[in-house]
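J.: Numbering (our numbering), first residue to last: 3 to 366.
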Ligand code: 5GP
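As structure tokens, then:
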């Protein structure tokens, strides 16, 4: 029998070894997190008001006496709850001064997460005596004056729930602004089709307008599709349009879409929003996300870009989204860098996007 002192020594050595192992793991994890944050990334699918800084939202809600804000933000993120949060945010973002602040802070937050190029999208709103064009001009002014290293661009969102007449008015206002102003032409590079996907308005009612945006105004099209099942031909019309001019149309979410519609020559890039999609599909984990595992296993044969959607609503940032995908699918840093480099070609201002990545030093 060994003396009791020896047993204590064995236990102490085992504890030390376990502690050293734990520490090594912790340090390795910190290195990975730092590397993913530092890696040059691009963001194609971020809604401006959904990207409001959370502390700003709480501050604005309290200043306006919006009592239910904290309870709403603490609840689950079903599709319905998300749209209640957007309504709350819109109650808070009630002047161009607030729009200016939200836009500036969003750019700072994207840059802090290692984003080199962002296409921020927003639904122009007439606030007070100001027009929708003033709203767009305000965001463009913030982008043009942004002093950081991030390259920003703007997409004008069409909210399908407002109907086709409102959409036509928004597009006309944006087109007029771009016609008369070289700065607006440089920064406003696309239009987005979004808004509550359960709306009665089908894409068919907007299709001519989106063709006009592409063909007459030279704008890129970013279209939400297949967020929830719909009884109309919404998804099939959008998928057909997306293949017409490869590179000029990207798809948002594309969850309820057959995999064969998203691959092969001329396939549109899919803007994948991991946290948002997990929440709205009520998935137990990201590994259950439609298609992602297959796409990575087949060597990234479907064009896609990782995006945040609404950082405030989903409590995330761009680095966290890349980290989640890395962890769920066992990707290496070089896989993530390859995703970014391929996505850059589908930016609506691809030269600016590639230049931003090159300045950051991301290998291509
Ligand atoms: P905003 O356009 O006001 O800057 O950003 C918030 C708006 O973006 C929401 O009111 C909604 O119209 C749109 N939006 C944000 N996230 C989503 C989403 O996941 N799906 C859809 N369809 N629309 C969204």
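Just so it is clear, CB atoms sit at the ideal spot from N, CA and C, and this is done for glycine as well. Everything numeric in this text was worked out from a predicted model, so none of it was measured.
1) What does a CB cutoff of less than 6 Å around residue 214 pick up in its chain, not counting 5 residues either side in sequence?
2) Between which two residues does the beta strand (DSSP E) carrying residue 161 extend?
3) With C-beta atoms as the reference, is residue 196 less than 7 Å away from residue 163?
4) Within the same chain, show all residues whose beta-carbon is closer than 7 Å to that of residue 37, passing over the 5 residues directly before and after it, in chain order.
5) Between which two residues does the alpha helix (DSSP H) harbouring residue 337 extend?
6) Please report the distance separating the alpha-carbon of residue 20 from that of residue 324.
7) Could you name the residues of the same chain whose beta carbon sits closer than 6 Å to that of residue 366, not counting the 5 residues immediately before and after it, in chain order?
8) Kindly list the residues whose CB is nearer than 6 Å to the CB of residue 1, restricted to its own chain and excluding five residues on each side of it in sequence; keep chain order.
9) Evaluate contact between the region 265-274 and the region 303-314, counting only Cβ atoms and requiring at least three cross-stretch pairs below 8 Å.
10) Identify which residue in 165, 168, 167, 138 has its Cα closest to the Cα of residue 155.
11) Quick one: what's got a C-beta closer than 6 Å to residue 119's C-beta in the same chain, skipping five residues either side?
12) So residue 107 packs on residue 55, CB below 8 Å; how close in whole Å?
13) What I want to know is whether the C-beta of residue 90 ends up closer than 6 Å to one or more non-hydrogen atoms of the ligand 5GP.
14) How would the residue list near the ligand 5GP read, in chain order, if you kept each one whose beta-carbon is closer than 6 Å to any heavy atom?
15) Please report the distance separating the alpha-carbon of residue 89 from that of residue 296.
16) I need the straight-line Cα distance from residue 363 to residue 42, nearest angstrom please.
17) To the nearest whole angstrom, what separates the beta carbons of residue 280 and residue 253, a pair I think is in contact under 8 Å?
18) Nearest CA to the CA of residue 172: which residue from 125, 205, 141?
19) Spatial neighbours of residue 135 within its chain, please: CB distance less than 6 Å, with the 5 preceding and 5 following residues excluded, ordered by chain position.
20) In chain order, what residues of the same chain have a beta carbon less than 8 Å from the beta carbon of residue 58, not counting five sequence neighbours either side?
21) Let's see if you can read the secondary structure: which residues bound the alpha helix (DSSP H) around residue 84?
22) Rounded to a whole number of angstroms, what is the C-alpha to C-alpha distance between residue 242 and residue 25?
23) CB-CB under 8 Å to residue 170, same chain, minus the five flanking residues each way: which ones, in chain order?
24) Go ahead and pull the three-state DSSP assignment for residue 202.
25) Please report the distance separating the alpha-carbon of residue 142 from that of residue 312.
26) The alpha helix (DSSP H) spanning residue 296 covers which residue range?
27) In terms of alpha-carbon separation, which member of 277, 236, 293 lies closest to residue 260?
28) Give me the Cα-Cα distance between residue 85 and residue 130, rounded to the nearest whole angstrom.
29) Can you tell me which of the three DSSP states residue 369 falls into?
30) Would you mind giving the Cβ-Cβ distance between residue 282 and residue 81, rounded to the nearest angstrom? I have them listed as a contact below 8 Å.
31) Buried or exposed: where does residue 251 fall if 16 or more other Cβ atoms within 10 Å of its Cβ makes it buried?
32) According to DSSP, simplified to helix, strand and coil, what is residue 254?
33) Just reading off the alpha helix (DSSP H) that residue 215 is part of, what are its end residues?
34) Can you tell which of 70, 321, 329, 263 has the C-alpha that lies nearest to the C-alpha of residue 287?
T.: With the given structure in hand:
1) Working through the chain shown from its first residue, we reach residue 214 at position 212. Excluding positions up to five away in sequence, the list is empty.
2) As a first step, residue 161 is located in the chain shown; it is residue number 159 there, counting from the start. Segment 153-161, the beta strand (DSSP E) holding residue 161.
3) As a first step, residue 196 is located in the chain shown; it is residue number 194 there, counting from the start. As a first step, residue 163 is located in the chain shown; it is residue number 161 there, counting from the start. Contact flag unset, no.
4) Position 35 of the chain shown, counting from 1, holds the residue named residue 37. Excluding sequence positions up to five before and after residue 37, its CB lies within less than 7 Å of the CB of 335, all in the same chain and listed in chain order.
5) As a first step, residue 337 is located in the chain shown; it is residue number 335 there, counting from the start. Its alpha helix (DSSP H) spans residues 335-346.
6) Residue numbering aside, residue 20 sits at position 18 when the chain shown is read from its first letter. Residue numbering aside, residue 324 sits at position 322 when the chain shown is read from its first letter. Roughly 30 Å between the two C-alpha positions.
7) One-based indexing of the chain shown puts residue 366 at position 364. Low confidence applies to residue 366: its pLDDT is 42, below 50, so where it sits in the model is not reliable, and the reading given next is rough at best. Only residues of its own chain outside the window of five on either side were considered, and among them 343 have a CB closer than 6 Å to the CB of residue 366, listed in chain order.
8) A query on residue 1 cannot be resolved here, the shown segment of the chain reaching from 3 to 366 and no further.
9) Segments in contact, yes.
10) If you number the chain shown from 1, residue 155 lands on position 153. When only C-alpha atoms are compared, the closest one is 138.
11) Taking the chain shown and counting its residues from 1, the one referred to as residue 119 is at position 117. Closer than 6 Å at the Cβ level, and outside the excluded window around residue 119, lie 44, 153, 355, 358.
12) Against the chain shown, residue 107 aligns to sequence position 105. Against the chain shown, residue 55 aligns to sequence position 53. With 8 Å as the limit, residue 107 and residue 55 qualify as a contact, their Cβ atoms being about 5 Å apart.
13) Within the chain shown, residue 90 is the residue found at index 88, counting from 1. No, Cβ of residue 90 sits at least 6 Å from all heavy atoms of the ligand 5GP.
14) Qualifying residues come out as 49, 50, 51, 52, 88, 124, 125, 159, 161, 196, 197, 199, 226, 229, 278, 311, 312.
15) Residue numbering aside, residue 89 sits at position 87 when the chain shown is read from its first letter. Residue numbering aside, residue 296 sits at position 294 when the chain shown is read from its first letter. When rounded, the distance between both Cα atoms is 36 Å.
16) The count along the chain shown starts at 1 and reaches residue 363 at position 361. The count along the chain shown starts at 1 and reaches residue 42 at position 40. Answer to the nearest angstrom: the Cα atoms are 7 Å apart.
17) Here residue 280 is taken as the residue at index 278 of the chain shown, counted from 1. Here residue 253 is taken as the residue at index 251 of the chain shown, counted from 1. About 18 Å separates the beta carbon of residue 280 from that of residue 253, a gap too long to meet the 8 Å contact definition.
18) Sequence index remark: in the chain shown, residue 172 carries index 170 (1-based). Of the listed residues, the one whose Cα sits closest to residue 172 is 125.
19) Locating residue 135 in the chain shown gives position 133, counting from the first residue. Correct list, in chain order: 175, 179.
20) Translated into positions along the chain shown, residue 58 becomes position 56. Closer than 8 Å at Cβ, skipping near neighbours: 103, 104, 107.
21) Taking the first residue of the chain shown as 1, we reach residue 84 at position 82. For residue 84, the uninterrupted alpha helix (DSSP H) segment begins and ends at 81-94.
22) The sequence position of residue 242 within the chain shown is 240, counting from 1. The sequence position of residue 25 within the chain shown is 23, counting from 1. The straight-line gap from Cα to Cα measures roughly 53 Å.
23) On the chain shown, residue 170 is found 168 positions in, with the first residue counted as 1. Correct list, in chain order: 211.
24) Here residue 202 is taken as the residue at index 200 of the chain shown, counted from 1. Residue 202: coil per DSSP, three-state reduction.
25) As a first step, residue 142 must be located in the chain shown, where it is residue number 140. As a first step, residue 312 must be located in the chain shown, where it is residue number 310. When only Cα atoms are considered, residue 142 and residue 312 end up about 20 Å apart.
26) Along the chain shown, read from residue 1 onward, the residue named residue 296 stands at position 294. Where residue 296 is concerned, the enclosing alpha helix (DSSP H) starts and stops at 294-299.
27) To locate residue 260, count along the chain shown from 1; it is residue 258. Closest option to residue 260, Cα to Cα, is 293.
28) Within the chain shown, residue 85 is the residue found at index 83, counting from 1. Within the chain shown, residue 130 is the residue found at index 128, counting from 1. C-alpha separation (whole angstroms): 23 Å.
29) Examination of residue 369 is not possible in this model, given that the chain is present from 3 through 366 alone.
30) Against the chain shown, residue 282 aligns to sequence position 280. Against the chain shown, residue 81 aligns to sequence position 79. Confirmed, Cβ separation roughly 5 Å.
31) The sequence position of residue 251 within the chain shown is 249, counting from 1. Residue 251 is buried by the Cβ-count criterion.
32) If you number the chain shown from 1, residue 254 lands on position 252. In the structure shown, residue 254 sits in a strand (DSSP, three-state: E or B).
33) Walking along the chain shown from the start, residue 215 turns up at place 213. For residue 215, the enclosing alpha helix (DSSP H) covers residues 209-217.
34) To locate residue 287, count along the chain shown from 1; it is residue 285. Among 70, 321, 329, 263, the Cα nearest to that of residue 287 belongs to 329.
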